[in-house]
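One line per chain: the protein sequences are S and G, in this order. This note's numbering puts the first residue of the first sequence at 1, with every later residue one more than the last. This note's numbering puts the first residue of the second sequence at 1, with every later residue one more than the last. Every residue, glycine too, gets a C-beta built ideally from N, C-alpha and C. I have placed the structure first, in the form of C-alpha cells, so that the comments after it can refer back to it.
There are 2 protein chains.
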Amino acid sequence: MQFQQLVYFVAVAETRHFTRAAERVHVAQPSLSQQIKALERELGAELFSRARGNIALTDAGEALLPLARRILADADTARLEVQELAQLRRGRVRLGATPSVCTGLLPEVLLAFHSAHPGIRLLIEESGSLDLVRELARGALDLALIALPLPPSAPALTTVELLTEDLVVVSSPDRPAPGGGGPLTVAELRDQPLVMFRHGYDLRELTVAACRAEGFEPSFVVEGGEMDAVLGFVRAGLGPAVVPAMVAERAGPGLRTTPLAGSPLRRTIALAHRTDVAPPRAARELMWDLIGRYA
Amino acid sequence: MQFQQLVYFVAVAETRHFTRAAERVHVAQPSLSQQIKALERELGAELFSRARGNIALTDAGEALLPLARRILADADTARLEVQELAQLRRGRVRLGATPSVCTGLLPEVLLAFHSAHPGIRLLIEESGSLDLVRELARGALDLALIALPLPPSAPALTTVELLTEDLVVVSSPDRPAPGGGGPLTVAELRDQPLVMFRHGYDLRELTVAACRAEGFEPSFVVEGGEMDAVLGFVRAGLGPAVVPAMVAERAGPGLRTTPLAGSPLRRTIALAHRTDVAPPRAARELMWDLIGRYA
DNA sequence: GAATTCCATAGGCCATACCTATGCAAGGCT
DNA sequence: AGCCTTGCATAGGTATGGCCTATGGAATTC
Numbered sequence: 001m002q003f004q005q006l007v008y009f010v011a012v013a014e015t016r017h018f019t020r021a022a023e024r025v026h027v028a029q030p031s032l033s034q035q036i037k038a039l040e041r042e043l044g045a046e047l048f049s050r051a052r053g054n055i056a057l058t059d060a061g062e063a064l065l066p067l068a069r070r071i072l073a074d075a076d077t078a079r080l081e082v083q084e085l086a087q088l089r090r091g092r093v094r095l096g097a098t099p100s101v102c103t104g105l106l107p108e109v110l111l112a113f114h115s116a117h118p119g120i121r122l123l124i125e126e127s128g129s130l131d132l133v134r135e136l137a138r139g140a141l142d143l144a145l146i147a148l149p150l151p152p153s154a155p156a157l158t159t160v161e162l163l164t165e166d167l168v169v170v171s172s173p174d175r176p177a178p179g180g181g182g183p184l185t186v187a188e189l190r191d192q193p194l195v196m197f198r199h200g201y202d203l204r205e206l207t208v209a210a211c212r213a214e215g216f217e218p219s220f221v222v223e224g225g226e227m228d229a230v231l232g233f234v235r236a237g238l239g240p241a242v243v244p245a246m247v248a249e250r251a252g253p254g255l256r257t258t259p260l261a262g263s264p265l266r267r268t269i270a271l272a273h274r275t276d277v278a279p280p281r282a283a284r285e286l287m288w289d290l291i292g293r294y295a
Numbered sequence: 001m002q003f004q005q006l007v008y009f010v011a012v013a014e015t016r017h018f019t020r021a022a023e024r025v026h027v028a029q030p031s032l033s034q035q036i037k038a039l040e041r042e043l044g045a046e047l048f049s050r051a052r053g054n055i056a057l058t059d060a061g062e063a064l065l066p067l068a069r070r071i072l073a074d075a076d077t078a079r080l081e082v083q084e085l086a087q088l089r090r091g092r093v094r095l096g097a098t099p100s101v102c103t104g105l106l107p108e109v110l111l112a113f114h115s116a117h118p119g120i121r122l123l124i125e126e127s128g129s130l131d132l133v134r135e136l137a138r139g140a141l142d143l144a145l146i147a148l149p150l151p152p153s154a155p156a157l158t159t160v161e162l163l164t165e166d167l168v169v170v171s172s173p174d175r176p177a178p179g180g181g182g183p184l185t186v187a188e189l190r191d192q193p194l195v196m197f198r199h200g201y202d203l204r205e206l207t208v209a210a211c212r213a214e215g216f217e218p219s220f221v222v223e224g225g226e227m228d229a230v231l232g233f234v235r236a237g238l239g240p241a242v243v244p245a246m247v248a249e250r251a252g253p254g255l256r257t258t259p260l261a262g263s264p265l266r267r268t269i270a271l272a273h274r275t276d277v278a279p280p281r282a283a284r285e286l287m288w289d290l291i292g293r294y295a
C-alpha cells in the first residue's frame with residue numbers, strides 16, 4: 001500500500017470516473033488504472049465495480065474509503081505540524097536561569113525572541129545553578145543560564161560563556177557610603193553586615209567564598225530574600241548588598257552603587273545544554289540570540 | 001512520505017538505535033538511514049538527534065511519532081477489513097424475496113449460508129415483486145428473489161431463473177375435497193370461495209389472473225393474511241387456497257393437497273440483481289448457493 | 001455502422017529503493 | 001597511549017517498479 005495509491009483511490013471514488021480522476025491527480029489515465037489495480041491486488045479485493053460510465057465502490061471500497069481519507073489527512077497534519085515546528089511557528093523552549101539572570105539579562109532577550117516567534121511558548125525555571133544542572137541532565141530543561149564554574153557533579157554539558165560581569169556593592173544613599181565613597185575592597189565588607197539572598201543564589205556562594213578568602217565570615221543583617229526583596233531592603237537602609245553590576249544599573253533610583261576595587265568579585269554567565277542531544281529547533285534559535293547579543 | 005519511511009521511523013524511535021531498527025524491519029542499515037534522511041528532507045526537519053549511542057527524538061520527531069503510529073495502524077485496519085470482507089468473514093447481504101419464497105425456499109438456503117459464513121449479516125426484505133424491483137434499482141437491496149416475468153417498469157436487471165413450480169390447491173381434509181378428489185381444473189375454482197393472501201403476494205395476482213383467463217372472477221372467503229395465516233385458515237376449514245407446491249409440502253399435517261389438472265398455474269422464481277453494478281462479494285456467494293441448489 | 005467514450009494492456013524509460021563495501025568518529029579495552 | 005569495537009553516514013551498482021505514449025476493445029451515441 002502506498003500513499004499515492006490511496007490518493008488515486010480517493011480521487012476515483014469521488015469523481016466516479018477514472019479519466020477525470022487521472023486529470024485531477026495529474027497523471028496519465030493508464031498510470032492511475034495500474035495503481036488502482038495494484039492496490040486491489042495487494043488488498044485481495046476489487047475496490048470498484050467498473051460498469052461503463054458507472055464506476056461504483058464495492059463493499060471493500062466502501063470500507064477502505066474512510067480509512068484512506070483519514071490516513072491522507074493524518075499525513076497532511078504530520079507535514080504541517082513538523083513544518084510549523086521547523087519554522088518556529090510553534091514549539092516551546094524550557095529555559096532555566098538563576099534568579100539574578102532572570103532579573104538582569106533575560107527580559108530584553110525574551111522580549112525580542114517572543115516578538116520574532118510569537119508562537120513559541122517560553123517556560124522559565126528560576127533556580128540555583130545546582131538545580132538547573134540537574135534539570136538539564138534529566139531532560140526537563142532545554143537550556144540553562146548558569147554561573148560558571150559548573151558544579152562538580154555536572155554531567156556532559158556544553159557551555160558557552162556569555163559574559164563576565166563585575167559584582168558591585170549597592171547601598172542606600174541615605175546612609176554613609178560603605179568604605180567612605182571610593183571603591184571598596186572585599187576586606188572592607190568585614191564590618192558591614194550585609195543584606196543577603198536566600199540559599200540557592202550563586203551570588204550568595206560567590207560572595208561568601210570571597211569573604212572567606214579574605215579570612216573572615218561575612219555577617220548578615222537579613223538574609224533569605226529574592227532579588228527584589230534584597231534591593232528593597234537595601235533601599236530601605238538595612239544595609240549594603242553585593243549584586244551584579246547589571247542588576248544595580250537596572251535597579252532604578254534610590255540606590256548607590258559602589259564598585260569593588262580591582263574587581264575581585266566577578267562572575268561568568270554561561271549558556272549550558274546537554275552535549276549528547278541537540279536542543280530543539282526553537283531552543284537553538286534562542287541560543288543564537290543569546291550568543292549573538294552577549295558573546 | 002511513504003509508508004516504509006514511517007515504519008522505519010517508528011522502529012528507530014522505539015529502539016533508539018539505527019542498526020537494531022534496521023534488523024527489526026529487515027533491511028540493511030544504510031537503507032534505513034537513507035530513508036530516514038529522505039523523510040527528514042521532505043519534511044524539512046531533523047527527526048532524530050544522532051548523538052553517539054544516544055539516538056533521541058527531536059521535537060519534530062515527537063510531533064510525528066503519534067501520527068505515524070496512527071497512520072500505520074489505519075493502514076493495518078484497512079488491510080484487515082478489506083480482507084475480512086473478501087474472505088466473507090464479515091459483510092452483509094441485503095436480500096429481497098416475496099413472502100412465499102421466504103416461507104418456501106429461503107430457510108434452508110439461508111441456514112446453509114449462515115453456517116458457512118457466520119460473520120455475514122443476512123437482511124431479508126419481504127415484499128411484493130414490484131417493491132423489490134424498486135428497492136434493487138435504488139441500491140437498497142443486493143439481490144432479490146422474485147416471480148417472473150419482471151414488472152414492466154423493471155430497470156436494467158439481470159435475472160437467473162431458479163425454478164418453476166406448480167401451484168396446487170390445499171384444503172382441509174375434514175371438508176369434502178374440492179372437485180371430488182381428482183386433479184382440479186382452474187374452472188372448478190369458480191364455485192370455490194378461496195382463502196386469499198393480502199395484496200402484494202404475486203401468488204394473488206397469478207391466481208386471480210388465471211381465473212379471469214377462464215372467464216370468471218374468483219371469490220374469497222377471507223383475504224388479507226400472510227402465508228402462515230392463510231394455511232391456518234385452510235386447516236381450520238374456511239376454504240381452499242392456491243399455494244406453491246413447495247409450500248404445501250412443508251405445511252405439515254392437517255392439509256390435503258390437490259394438484260391442478262395440466263399444471264396451468266405455475267410460477268417461475270428468479271434471482272435478480274442490477275446489471276450495472278456487480279453485487280458485493282457476499283451476495284455473489286449467496287447467488288452461487290442459490291443457483292447451485294436450484295438451477 | 002461509424003464515431004466516440006472510457007478503461008485496460010503493452011512496451012520503453014527512468015527514478016529510486018535496496019544492496020555491499022567503505023568511511024569516519026567516539027568510546028572502551030589492554 | 002594506541003588499537004579495536006561500535007554505529008551511523010556515504011558511495012556506487014543493480015533492479016524493481018511507476019510513469020509515460022500508443023494501442024486495444026467494449027459499450028454507447030448519432
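Quick check: is the beta carbon of residue i nearer than 8 Å to any beta carbon in chain S?
i, result
"G/Gln306", "Look at the range of chain G in this structure, 1 to 295, and you will see that residue 306 of chain G is not part of it."
"G/Leu130", "no"
"G/Ser49", "yes"
"G/Ala28", "no"
"G/Gly119", "no"
"G/Val277", "yes"
"G/Gly44", "yes"
"G/Arg79", "yes"
"G/Gly91", "yes"
"G/Leu157", "no"
"G/Leu67", "yes"
For residue i, count neighbouring Cβ atoms within 10 angstroms of its own Cβ and tell me buried if that reaches 16, exposed if not.
i, result
"G/Asp202", "buried"
"S/Pro118", "exposed"
"S/Ala209", "exposed"
"G/Arg138", "exposed"
"G/Arg94", "buried"
"G/Asp59", "buried"
"G/His199", "exposed"
"S/Asp74", "buried"
"S/Leu231", "buried"
Does any CB atom of chain G fall closer than 8 Å to the CB of residue i?
i, result
"S/Gln2", "yes"
"S/Arg70", "yes"
"S/Thr19", "no"
"S/Arg281", "yes"
"S/Ala86", "yes"
"S/Thr58", "yes"
"S/Ala63", "yes"
"S/Asp74", "yes"
Span of the alpha helix (DSSP H) holding residue i?
i, result
"S/Pro279", "It is not in any alpha helix (DSSP H) - S/Pro279 carries neither H nor E in the DSSP assignment."
"S/Asp74", "Asp59 to Ala86"
"G/Gly104", "Pro99 to Gly104"
"S/Thr185", "Counting along the chain, S/Thr185 falls outside any alpha helix (DSSP H), and DSSP gives it neither H nor E."
"G/Arg235", "Met227 to Arg235"
So, under 8 Å CB-CB, residue i and residue j are touching, yes? Tell me the CB distance rounded to an integer number of Å.
i, j, result
"S/Arg301", "G/Leu43", "Coverage of chain S is limited to positions 1 through 295, which leaves residue 301 of chain S absent and any answer about it impossible."
"S/Thr268", "S/Thr164", "5 Å"
"S/Ala295", "S/Glu161", "7 Å"
"S/Thr159", "S/Leu148", "7 Å"
"S/Arg190", "S/Phe197", "In fact, because the Cβ distance is near 19 Å, the residues do not count as touching under 8 Å."
"S/Leu194", "S/Pro176", "That belief does not hold up - the Cβ atoms of S/Leu194 and S/Pro176 are roughly 15 Å apart, past 8 Å."
"G/Glu301", "G/Val186", "Here chain G comprises residues numbered 1 to 295, so residue 301 of chain G is not present and cannot be evaluated."
"S/Ser277", "G/Leu64", "The identity of residue 277 of chain S in the sequence shown is Val, whereas the question assumes Ser. At roughly 17 Å, the Cβ-Cβ gap does not stay under 8 Å, so S/Val277 and G/Leu64 are not in contact."
"S/Pro183", "S/Ala261", "4 Å"
Starting from residue i, follow the beta strand (DSSP E) in both directions and report where the run begins and ends.
i, result
"S/His199", "From DSSP, S/His199 is part of no beta strand (DSSP E); its letter is neither H nor E."
"S/Glu217", "No beta strand (DSSP E) contains S/Glu217, which DSSP labels as neither H nor E."
"G/Pro253", "Note, G/Pro253: premise wrong, no beta strand (DSSP E); not H, not E."
"S/Leu265", "Element bounds for S/Leu265: n/a, residue is neither H nor E."
"S/Asp166", "Leu157 to Ser171"
"S/Val243", "Ala241 to Pro244"
Is it a yes or a no for the stretch 30–50 of chain S touching the stretch 6–19 of chain S, going by three-plus beta-carbon pairs under 8 Å? Under the 8 Å Cβ criterion, the stretch 30–50 of chain S counts as touching the stretch 6–19 of chain S, having at least three qualifying pairs.
Just checking, does the stretch 165–182 of chain G make contact with the stretch 277–291 of chain G on the three C-beta pairs under 8 Å criterion? No, because fewer than three Cβ pairs between the stretch 165–182 of chain G and the stretch 277–291 of chain G fall closer than 8 Å, the two stretches do not touch.
May I ask you to verify whether the stretch 253–263 of chain S touches the stretch 106–116 of chain S, counting CB pairs closer than 8 Å and requiring at least 3? The stretch 253–263 of chain S, when compared against the stretch 106–116 of chain S, does not touch it at the 8 Å Cβ threshold.
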